[in-house]
Structures are given as structure tokens and as C-alpha cells.
């Protein structure tokens, strides 16, 4: 089950690393942090749903280098 995700600015775009899953190559079509975070959150949600049968949300925290740390948490309906 993914527990975290990093979105980092790199030469050639934004890279994503999912804790417990792996990392992806920079995608030059991703032009900003908001787009990179949306893609990362959708990716971890898909992994959690497909492989673990769970619904998750990602809460974001900025990093000093311009990247973002996402904390993946199980989404509990009220």
C-alpha cells in the first residue's frame, strides 16, 4: 500500500517517487507542480484501489527544494 509520494522538479520536467512502489521518469509534458501533484495523487489512488481495495487521499507538504511530499492516508467516509 503506498504511504507517501514525492514530486520533485528535475531537468526535463517533474519526477515522481512513490514510497513502496518505485519512481518514474520525468515527463516533459508536465509543466508545473500542480499538474505533477494531481498526476501523483491519481497514481497512488489507482494503486491503492486496484491492488489493495482501498480509497486514499494525498495531503501535500512543500519541500525546501521546490518539490512536494505527499502523505497518503486512507480516506474514511464520514
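In the numbering used here, the protein residues as written are 231 to 308. Backbone N, C-alpha and C fix where the C-beta goes; we use that ideal spot for every residue, glycine too.
- In terms of Cα proximity to residue 292, the closest of 241, 300, 259 is 300.
- With 16 or more neighbouring CB atoms inside 10 Å of its own CB, residue 297 falls in the buried class.
- Sequence-distant partners of residue 305 (beyond 5 residues in either direction) whose C-beta falls short of 6 angstroms from its own C-beta, in its chain, are 285, 286, 287.
- Unbroken beta strand (DSSP E) stretches of 3 residues or longer found wholly inside the region 254-288: none.
- When the Cα atoms are used, residue 237 and residue 278 turn out to be separated by approximately 18 angstroms.
- Judged by their CB atoms, residue 260 and residue 269 are nearer to each other than the 8 angstroms cut-off.
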